[in-house]
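Here the structure is laid out as C-alpha cells; the discussion comes afterwards.
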Amino acid sequence: MISRIDLRGDALPEGAALRDLLPRAEFDVEAALEKVRPICDDVRHRGTAAMIDYARRFEGVTLDRIRVPAEALDRALAELAPAVRAALEESVRRARIVHRAQRRTDHTTQVVPGGTVTERWVPVERVGLYVPGGLAVYPSSVVMNVVPAQEAGVEGIAVSSPPQAEFGGLPHPTILAACALLGVDEVYAAGGAQAVAMFAYGTDECRPVNLVTGPGNIYVASAKRLLKGRIGIDAEAGP
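Under this note's numbering, the very last position in the sequence shown is 239; numbers go up by exactly one each time.
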C-alpha cells in the first residue's frame, strides 16, 4: 500500500527528519563494478560474438548482428503515430533552440602587443549515446542526447538501446523512429554494461567512440566508471 505523507502546515520537518521521510534512492556502484568488469573484458576480447551472447543471456533474444538495419529505422518512422511524431518534432525544435544558443564561439585575447591567446571550442569526433530500454520507452533520451551532439558539430553519432524480444530483437520502434527522425542511421541493439564496452573498445560492427553519454541502470553507470579514462563520460546517471 502507498503511504501518504502530509507536509502541509507549520510543522514541516527539517534536516534528518525530512530525509527520513523522503529518502533518496541509492545504489552501490562499487559493488556492481565486479559484475561488469568481466563483461567489459569479454566484449573487449570477443567483440560482436560477446554482444550476441549477452543479448541472449540478458534480453532473451537471438541476434545475428547488433547493428539495426536501415530498413528497420525507415519502417519505424513510417509507422510512427502522427501524434507521437508531432510531439517528437516539437521536442526536437525546442531542444535545438536551447543547445544552439549554448554553443560558444572561439575567443581571442591580446595579452601583449603581437601576442594573443585563442580559446577554441572543438567537438569530439565520435560519440556513443545510450538510450535505456526495458519496461519504459524513452524517445526523450534520443532527443536529449542526439540534438546537443548535432548542434556541437559532432560528425559521428551512434545510438545504442537494448533489444526487445517483443520486437524481434530490435530496440523499441519509437526509439528507432526518433533516431530516424533525427537522421541517425548508426543504431545498435545493445544494452547494459556491454553496450558501454562496445562503445569504448569497438567491435567489427561498431568503431570506438570518444565520449559516451546517456542514462542507464546501475550496470551502465558502473561500466562508465570502469571505462572512464579510455572514454569520456557525461555522468554516472542512474535511476
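All residues carry an ideal CB built from backbone N, CA and C; glycine is no exception.
**OP:** Using three-state DSSP, classify H107 as helix, strand or coil.
**Re:** Strand, per DSSP.
**OP:** Decide yes or no for the touch test of the segment 74 to 91 against the segment 120 to 138: beta carbon pairs closer than 8 Å, at least 3 of them.
**Re:** Under the Cβ criterion (8 Å, minimum of three pairs), the segment 74 to 91 does not count as touching the segment 120 to 138.
**OP:** Determine the direct distance from the alpha carbon of E59 to that of V43, and round the result to whole angstroms.
**Re:** The straight-line gap separating the alpha-carbon atoms of V43 and E59 is approximately 16 Å.
Subject >> Exposed unless 16 or more other CB atoms sit within 10 angstroms - verdict on A221 >> reply: In this structure A221 is buried. Its beta-carbon is surrounded by 16 or more other beta-carbon atoms within 10 angstroms.
Subject >> Residues of its chain near I231, where Cβ-Cβ distance is below 6 Å and the 5 sequence neighbours each way are ignored >> reply: Take I231, set aside five residues on each side of it, and the residues of its chain with a beta-carbon closer than 6 Å to its own are A200 and V212, in chain order.
Subject >> Cβ pair G128, A158 closer than 8 Å >> reply: The Cβ atoms of G128 and A158 lie closer than 8 Å to each other.
Original post:
In chain order, which alpha helix (DSSP H) runs of at least 4 residues are fully inside the segment 127 to 179?
Top reply: If you keep only unbroken alpha helix (DSSP H) runs of at least 4 residues inside the segment 127 to 179, you get 139 to 152.
Subject >> Those residues which DSSP pairs with L211 across a bridge >> reply: Beta-bridge pairing links L211 to V127 and G232.
**OP:** Evaluate G15 with the Cβ neighbour count: other Cβ atoms within 10 Å of its Cβ, from every protein chain shown; 16 or more gives buried, anything less gives exposed.
**Re:** By the neighbour-count rule (16 or more Cβ atoms within 10 Å), G15 is not buried but exposed.
Original post:
Looking only at DSSP bridge pairs, what is V112 linked to?
Top reply: The beta-bridge partner set that DSSP reports for V112 consists of G115.
Subject >> DSSP bridge partner residues for R96 (one or two, in chain order) >> reply: R96 is not bridged to any residue.
Subject >> Range of the contiguous alpha helix (DSSP H) that encloses V187 >> reply: Bounds of any alpha helix (DSSP H) do not take in V187; it lies within the beta strand (DSSP E) bounded by V187 to A189.
**OP:** Using DSSP bridges, identify the partner residues of R67.
**Re:** Partner(s): Y188.
**OP:** Using three-state DSSP, classify T48 as helix, strand or coil.
**Re:** Secondary structure at T48: helix, using DSSP grouped into helix, strand and coil.
Original post:
Where does G15 fall in DSSP's three states?
Top reply: In the structure shown, G15 sits in a helix (DSSP, three-state: H, G or I).
Subject >> Beta carbon of Y130 nearer than 8 Å to that of A32 >> reply: No, they are not a contact pair.
Original post:
Any idea what DSSP makes of R256, helix, strand or coil?
Top reply: Nothing can be reported for residue 256: it is not among the residues displayed for the chain, which extend from 1 to 239.
Original post:
In its own chain, which residues sit with a C-beta less than 6 Å from the C-beta of Q110, not counting the 5 before and 5 after it?
Top reply: Residues of the same chain with a CB within less than 6 Å of the CB of Q110, apart from the 5 flanking positions on each side, are T116 in chain order.
**OP:** Put E205 into one of helix, strand or coil per three-state DSSP.
**Re:** Note: E205 maps to coil in three-state DSSP.
Original post:
Which whole-angstrom value describes the C-beta separation of V61 and Y219, a residue pair presumed to lie in contact below a C-beta threshold of 8 Å?
Top reply: Taking C-beta atoms under 8 Å as the contact rule, V61 and Y219 fail to qualify, at a distance of about 18 Å.
Original post:
How about G169 and A189: are their beta carbons less than 8 Å apart?
Top reply: Contact flag set, yes.
Subject >> Rounded distance between the beta-carbons of V143 and C179, thought under 8 Å >> reply: Contact annotation, C179 with V143: C-beta distance approximately 10 Å; criterion of less than 8 Å not satisfied.
**OP:** Report the residue from R93, H107, A50 and G133 whose alpha carbon sits nearest the alpha carbon of W121.
**Re:** Comparing alpha-carbon positions, the option among R93, H107, A50 and G133 lying closest to W121 turns out to be H107.
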